[in-house]
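First residue of the sequence shown: 0, per numbering that gives the first Met the number 0; consecutive thereafter.
Single-structure report; data block below.
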Amino acid sequence: MSFNDRLAERFERIAKILELLGEDKFRVNAHARAARTVEGQAADLSTLAGDKKALTAIEGIGPKIADKIIEFATSGKITELEELEARVPPGLMRVMEIPGLGPKTVAMLWQQARVESLEDLKRIIDDGSILTLPRMGEKSVEKIKKSMAFAAEGNKRLELGVAMPLAELIVYEVQKWPGVERAAFAGSLRRGKDTIGDIDILVATSDMAGTGERFTKLPGVVEVLSSGEGKSSVRMRASADLNRWGADADGQGVQVDLRVIPLDRWGAAMMYFTGSKEHNIRMRERALRRGQTLTEWGLFPNPDDGDPTPPHKRGIKPIAAATEGEVFAALELEEIAPEIREDRGEVDLAEHKGEKGGKGGDGPHRLPRLIEVKDIRSELHAHTTASDGKMSIVELAGEAKRRGFHTITVTDHSKSSAVAGGLSPERLVEHIEAIHAARKDVTGITILAGSEVDILADGSLDYEDALLRRLDLVVASPHASLSQEPVVATERLVRAISHPLVHILGHPTGRLLNRRPGLEPDMREIYAVAKAHDVALEINAHWMRLDLRDTHVKGAMEAGCLVSIDCDVHDPRDFDNLRYGVVTARRGWVTPERCVNTWDAAVLHEWLGKKRQ
Ligand code: DGT
Ligand code: CA
Ligand code: CA
Ligand code: ZN
């Protein structure tokens, strides 16, 4: 999270607490507006902290707000926020985070029913007393219950994009410890799941005695759950403030397990602790069928003497254990990428066939060649300052070029996305001209004029066809009405996909991890219609979205669809989310040729042009 984003979050919190406390409406609004202003600034406001005049020159920032920005930049805190927070029970802030519960309702619950925490709220729901409160009918209580359940469910697992940078930071630190020969993360994180339960770190070291102690002293550790020579567990702060130890107290925290592994057993341990559990079971079954035993200590010959003692405790030498490659090879399997170790048929496909007299002529390599970050050569969903992006057209194109792309498509929001600065038809016409003009300023990359057009609740698009036809590319995305019934949602998306001018269905369900479930259309119908109309389904790479999700991607591949992996760029750093999109694609078995972003410029442009003839 950038300085501006952190600051915006503080202002938003001030506004919320002020409203909760029933303070002056004017103060509430001033802080809410400041939050929006700060978030929308392209320049890092901490660089203006020494210049109050420059700050107050920004529309929406008055002298009092400016003082708070300066305070936050110099001390990392805002005294007023701390004072306000001291006036509300800490548990009440959690109640305020329940989606759909506004400050007014929370204030009422607090004053009239003494609700000071999620537990209190749950209690008055369970005993039914909530129904005696003003504006609390069966329906609204049912809604609150749903939101609470979703929030509680979500809070247990950490987003990939928060966990991954933290795990990389931990591994980086662990590698610096004396005696460390190898360190890596395993578990669901290595498999690239969209959310993870805990972070599993493995380390091989000649200084085993020191590891537990060093691990529990890492910055960011808030609680030591256990500490020993072989295994330690801690809770660490985790925040979306990437590439720093989770210094923000508002991070929800995550369990991190560290296991010490003998170097000569590294591969077997990585395999075991990467999982998934279901995949491991398939692998062990295969070993057993071949008269072998596979454990976290290695692949062993099966002594078959009925002794239940695990092989490594009996001094049996493993057939393979040092690297994953050796273990796969000893099992006569192709190496299986971590992302697809989910027991979805990968072990059978990895079996060597067609080599040593195996049956079938399907050759030795039957696992798909999974897409990689380096295959991606274009970005087709990006915003500029014309709507809610932070870069100009030229800056965006320059950044895309720097990252080696041959094509960047400018897709600002359409008119109905008013909060995101969506463009009126007139402004879009001007914007198209500006995009064309920018081609002179940035050469060596193709800059296409597109739009991220809202799919309205009934499935119609937010601009007239005549205007859409002037765009090189149309990404159609749902942004509002995201709790529609599945049947309605299916019809809505099908209508948009069937529109002859649409190329890509953007973030198809609109879900936000841990925040909202999004649409739940009949995905099989979506795949079929997308294939029939040659529309690519987006895998939105932002780690808060990852939409399509992995299972949908797999379904789309099986149905023969195309996908598009896009960063939905608003800020230069958003390009860095590409890897999460690619990992999600890999989990869905995407091969490069099925992803339009891997295509050569000529092939991509021809595909886009087909819908403009
Ligand atoms: P998570 O943390 O819930 O997102 O998911 P994982 O897959 O990281 O699960 P975790 O942390 O409980 O364990 C890491 C890996 O260790 C898991 O993927 C497979 C392996 N593992 C753990 N417990 C068992 C088990 O009881 N049986 C088998 N076969 N493998 C296990
Ligand atoms: Ca785990
Ligand atoms: Ca674990
Ligand atoms: Zn969007």
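Each residue gets a CB set at the ideal place from its N, CA and C atoms; glycine is no exception.
Among the bridge pairs identified by DSSP, F214 is matched with none. Counting only beta-carbon distances shorter than 7 Å to the non-hydrogen atoms of ligand 2, the qualifying residues in chain order are G186, S187, L188, I195, G196, D197, I198, D199. A contact between stretches requires three or more CB pairs, one per stretch, nearer than 8 Å, and the segment 33-50 fails this requirement with the segment 114-125.
Sequence-distant Cβ neighbours of A268 in its own chain, meaning closer than 7 Å and more than five residues away, are L201, I260, E295. Within the same chain, Cβ atoms closer than 6 Å to the Cβ of R438 are found at I446, the five residues on either side in sequence being excluded. A straight line joining the alpha-carbon of L117 with that of R283 spans about 44 Å.
Taking the C-beta atoms as reference points, I503 is found nearer than 9 Å to L472.
Closest in C-alpha terms to E158, from the list D126, A182, G196, F214, comes G196. The alpha carbon of Y526 has as its nearest neighbour, out of P516, M543, E38, H551, the alpha carbon of H551. Three or more Cβ pairs closer than 8 Å define a contact, and the segment 422-432 falls short of that threshold against the segment 579-597. Remark: the C-beta of D256 is in contact range of ligand 1, defined as less than 8 Å to any heavy atom.
Judged by DSSP in its simplified three-state form, G344 adopts coil rather than helix or strand. Excluding sequence positions up to five before and after T489, its CB lies within less than 6 Å of the CB of P520, D521, E524, all in the same chain and listed in chain order.
Distances between the C-beta of T273 and the heavy atoms of ligand 1 include at least one below 8 Å. DSSP places M522 in the helix class (H, G or I) of the three-state scheme. Measuring C-alpha to C-alpha distances from L366 to each of K352, D374, K414 identifies K352 as the nearest. Less than 9 Å divides the Cβ of I143 from the Cβ of I97. For F184, the enclosing beta strand (DSSP E) begins and ends at 179-184.
Per DSSP, reduced to three states, the secondary structure at M543 is coil, with no helix or strand assignment.
Proximity to A456 across E463, G449, E484, R156 peaks at E484, based on C-alpha coordinates.
Only residues of its own chain outside the window of five on either side were considered, and among them G509, R515, G517, L518 have a CB closer than 7 Å to the CB of L481, listed in chain order. When the Cα atoms are used, Y271 and Q110 turn out to be separated by approximately 53 Å. In this structure R586 is in contact with I339, their Cβ atoms being roughly 7 Å apart against a cut-off of 8 Å. Distance from the C-beta of R190 to the nearest heavy atom of ligand 1 is below 8 Å.
Between D440 and A396, the C-beta gap is smaller than 9 Å, which places the two residues in contact.
The Cβ neighbour count for L91, taken over all protein chains shown within 10 Å, is at least 16; the residue is labelled buried. If you draw a 10 Å sphere on the C-beta of N301, you find fewer than 16 other C-beta atoms in it, and that means exposed. Inside the segment 38-98, DSSP marks whole alpha helix (DSSP H) runs of 4 or more residues at positions 51-55, 62-74, 78-86, 89-95, from first to last along the chain.
By the criterion of a C-beta distance shorter than 8 Å, P62 is surrounded in its chain by K51, T55, once the five residues flanking it on both sides are discounted.
In this structure, the beta-carbon distance from S415 to A479 falls below 9 Å.
Closest option to E212, judged by alpha-carbon separation, among F184, I444, V173: V173. Taking 9 Å as the cut-off, the beta carbon of V87 is found closer than this to the beta carbon of L19.
If you draw a straight line from the Cα of I370 to the Cα of R593, it comes to about 9 Å. Per DSSP, the unbroken alpha helix (DSSP H) holding T273 starts and ends at 265-273. I280 has its CB nearer than 8 Å to a heavy atom of ligand 1. Here V486 is exposed, its C-beta having fewer than 16 other C-beta atoms within 10 Å.
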